[in-house]
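Here our numbering is used: position 310 in the sequence shown is 316, and no number is missing along the way. Ideal Cβ placement from N, Cα and C applies to all residues, glycine included. Okay, structure first, notes after.
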Amino acid sequence: MKWTKIAPAMLVGLTVLMAGCGKAPADEAKPAGSAKPLTDVKVVLDWTPNTNHTGLYVAKDQGFFEQEGLNVQIISPGESGADAMVASGAAEFGVSYQESITQGRIQGVPLVSIAAVIQHNTSGFASPVAKNIKTPKDFEGKTYGGWGAPSESAMIESLMQSEKADASKVKMVNIGEADYFTAVKRDIDFAWIYYAWTGIDAELRGEPMNMIYLNKYSDKLDYYTPVLATNENMIKTKPDVVKAFVAAAAKGYQFAIAKPEDAANVLIKAVPDLDPKLVTASQKWLATRYQDDAPRWGEQKRSVWENYANWMLDHKLLEKKLDVDAAFTNDFLPAAGTK
Numbered sequence: 007m008k009w010t011k012i013a014p015a016m017l018v019g020l021t022v023l024m025a026g027c028g029k030a031p032a033d034e035a036k037p038a039g040s041a042k043p044l045t046d047v048k049v050v051l052d053w054t055p056n057t058n059h060t061g062l063y064v065a066k067d068q069g070f071f072e073q074e075g076l077n078v079q080i081i082s083p084g085e086s087g088a089d090a091m092v093a094s095g096a097a098e099f100g101v102s103y104q105e106s107i108t109q110g111r112i113q114g115v116p117l118v119s120i121a122a123v124i125q126h127n128t129s130g131f132a133s134p135v136a137k138n139i140k141t142p143k144d145f146e147g148k149t150y151g152g153w154g155a156p157s158e159s160a161m162i163e164s165l166m167q168s169e170k171a172d173a174s175k176v177k178m179v180n181i182g183e184a185d186y187f188t189a190v191k192r193d194i195d196f197a198w199i200y201y202a203w204t205g206i207d208a209e210l211r212g213e214p215m216n217m218i219y220l221n222k223y224s225d226k227l228d229y230y231t232p233v234l235a236t237n238e239n240m241i242k243t244k245p246d247v248v249k250a251f252v253a254a255a256a257k258g259y260q261f262a263i264a265k266p267e268d269a270a271n272v273l274i275k276a277v278p279d280l281d282p283k284l285v286t287a288s289q290k291w292l293a294t295r296y297q298d299d300a301p302r303w304g305e306q307k308r309s310v311w312e313n314y315a316n317w318m319l320d321h322k323l324l325e326k327k328l329d330v331d332a333a334f335t336n337d338f339l340p341a342a343g344t345k
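If you want it as structure tokens, here you go:
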């Protein structure tokens, strides 16, 4: 469950993808016993299947997509990544993140967030209890394992500044594809994780950790991660398809909120390689966090987009201000209370 960012090399590939795929129409297929054809669409995941994605698998399994006139294929990201596939039209929808959409739009990538999967940021810096890292000040003299993105060092520096700690005393190491559990058994003291998956996994393994949530130190870091995304062309030319997709996804996530164990079983059936105990425990943990204090699942606040973009600009992660209103929309969400 790592976050990604659009790198210059990806943008080169994206340009090629957009030239070849940007205007390809969605295919149609007839469901058995129905005269009305279903519209074929793809939704590409950001990473390997996990409980961030359960609502999508539930919507497919329970027939919510079909009820909305869609034949949805859930696919894994290729080498170009989910954002590039969605922006180019190679996939109509995808799982993305506020930070990567923000960076992408600054560089002219036409991604738009259409729903927040989880209402508040559940990510943060984790470490084994034995490392005694309880606050950002304790990062001093420790080794951080990450993926080399500029936002990682900016995030660490930002948290440490809040406690007047010295970020230059943190050693940064690229851990590549190594997971948290492997990294901290080697030469790494702390890493960035999503608690809903890695934190719950640590609980099940009996490996207690200290967790420093980003949003506990600044409202600007309580951004949406992950989100569902599409591209501007879909919104302009096929708004009915976008509305249908979001309506079905909302039903899927509402099902996961109301019936986490049943939803977990749907994901386990669809992806049998996953650990059933981890999926079930993670699903229960996320059930109250998908919607949380929002009036409806998927709701996004302008202030959240503006605050995080300003934070990125302040830390020189953006070259210019974000057009916030073009980066997200709530227009396709079902009305609050819709079943």
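On a Cα-Cα basis, can you pick out the residue from the options that is closest to residue i?
i, options, result
"L324", "I107, G84, G182 and A184", "I107"
"D46", "D320, K191 and K244", "K244"
"L319", "P134, P142, S133 and S164", "S164"
"M178", "W291, F196 and N271", "F196"
"S157", "L227, E183, S133 and L234", "L227"
"R308", "A121, G212 and K322", "A121"
"S346", "R192, I218 and V310", "The shown model of the chain, from 7 to 345, leaves out residue 346, and the question about it has no answer."
"W119", "D144, V92 and A155", "According to the sequence displayed, residue 119 carries Ser and not Trp. When only C-alpha atoms are compared, the closest one is V92."
"D299", "I81, G100, N127 and G84", "N127"
"M166", "F187, L210, K140 and D185", "K140"
"V49", "P43, G84 and T188", "G84"
"L117", "N180, K170, A96 and I162", "A96"
"L328", "Q109, G182, N77 and S82", "Q109"
"I81", "T54, A171, G69 and V64", "T54"
"A235", "K191, E183 and F251", "F251"
"E305", "A270, V272, Q289 and T231", "T231"
"V272", "P43, P214, N221 and N56", "N56"
"V247", "L76, V64 and P43", "L76"
"D67", "D207, A270, Q289 and R295", "A270"
In terms of residue numbering, what span does the beta strand (DSSP E) encompassing residue i cover?
i, result
"N2", "Nothing can be reported for residue 2: it is not among the residues displayed for the chain, which extend from 7 to 345."
"I199", "F196 to Y200"
"N180", "K177 to N180"
"F145", "From DSSP, F145 is part of no beta strand (DSSP E); its letter is neither H nor E."
"A132", "S129 to P134"
"S102", "F99 to S102"
Starting from residue i, follow the alpha helix (DSSP H) in both directions and report where the run begins and ends.
i, result
"D331", "V330 to A333"
"N56", "Element bounds for N56: n/a, residue is neither H nor E."
"V123", "From DSSP, V123 is part of no alpha helix (DSSP H); its letter is neither H nor E."
"I162", "P156 to Q167"
"V310", "R308 to D320"
"K66", "T60 to D67"
"V47", "Unbroken run through V47 is the beta strand (DSSP E), L44 to V50; no alpha helix (DSSP H)."
"A341", "Run containing A341: none; DSSP gives neither H nor E here."
"S86", "No alpha helix (DSSP H) holds S86; DSSP gives it neither H nor E."
"D298", "Taken as a continuous stretch (DSSP letters only), D298 belongs to no alpha helix (DSSP H), as it is neither H nor E."
"D207", "I206 to R211"
"A189", "Y186 to A189"
"E305", "Taken as a continuous stretch (DSSP letters only), E305 belongs to no alpha helix (DSSP H), as it is neither H nor E."
"E72", "F70 to Q73"
Quick one: using the 10 Å Cβ neighbour count with 16 as the cut-off for buried, is residue i buried or exposed?
i, result
"Q73", "exposed"
"A264", "exposed"
"P301", "exposed"
"A25", "Note that A25 scores a pLDDT of 41, beneath 50, so its modelled location is shaky and nothing firm can be said."
"D89", "buried"
"N237", "buried"
"E98", "buried"
"D281", "exposed"
"D279", "exposed"
"A333", "buried"
"R111", "buried"
"L292", "buried"
"L51", "buried"
"Q113", "exposed"
"T188", "exposed"
"G1", "Given a span of 7 to 345 for the chain in the structure shown, any question on residue 1 remains unanswerable."
"D331", "exposed"
"L210", "exposed"
"N180", "exposed"
"K326", "exposed"
"P266", "buried"
"G205", "buried"
"P142", "buried"
"A30", "Here the model assigns A30 a pLDDT of 40, short of 50, so the residue's position is not dependable, and the following value carries that caveat. Classification of A30: exposed, given that the 10 Å Cβ count is below 16."
Determine, using beta carbons only, whether residue i comes closer than 7 angstroms to chain D.
i, result
"V176", "Given the protein chain composition of this structure (a single chain), no chain D is represented."
Across the stretch 282-292 and the stretch 56-64, are there enough close Cβ pairs to call them in contact, namely three or more that are closer than 8 angstroms?
Touching, yes, given that three or more Cβ pairs across the two stretches are closer than 8 angstroms.
Quick check: the stretch 94-114 against the stretch 309-316, are there 3 or more CB pairs under 8 angstroms?
yes
Any contact of the stretch 194-211 with the stretch 133-144, i.e. 3+ C-beta pairs under 8 angstroms?
yes
Tell me whether the stretch 144-152 and the stretch 237-256 touch, counting them as touching only if at least three CB pairs, one residue from each stretch, are closer than 8 angstroms.
no
Would you check if the stretch 252-267 and the stretch 333-340 touch, i.e. whether three or more CB-CB distances between them fall below 8 angstroms?
yes
Please specify which runs of the alpha helix (DSSP H), each continuous and at least 4 residues long, are wholly inside the stretch 252-282, giving them in chain order.
266-276
For a minimum of 4 consecutive residues, which ranges assigned as the alpha helix (DSSP H) are wholly contained in the stretch 215-256?
238-243
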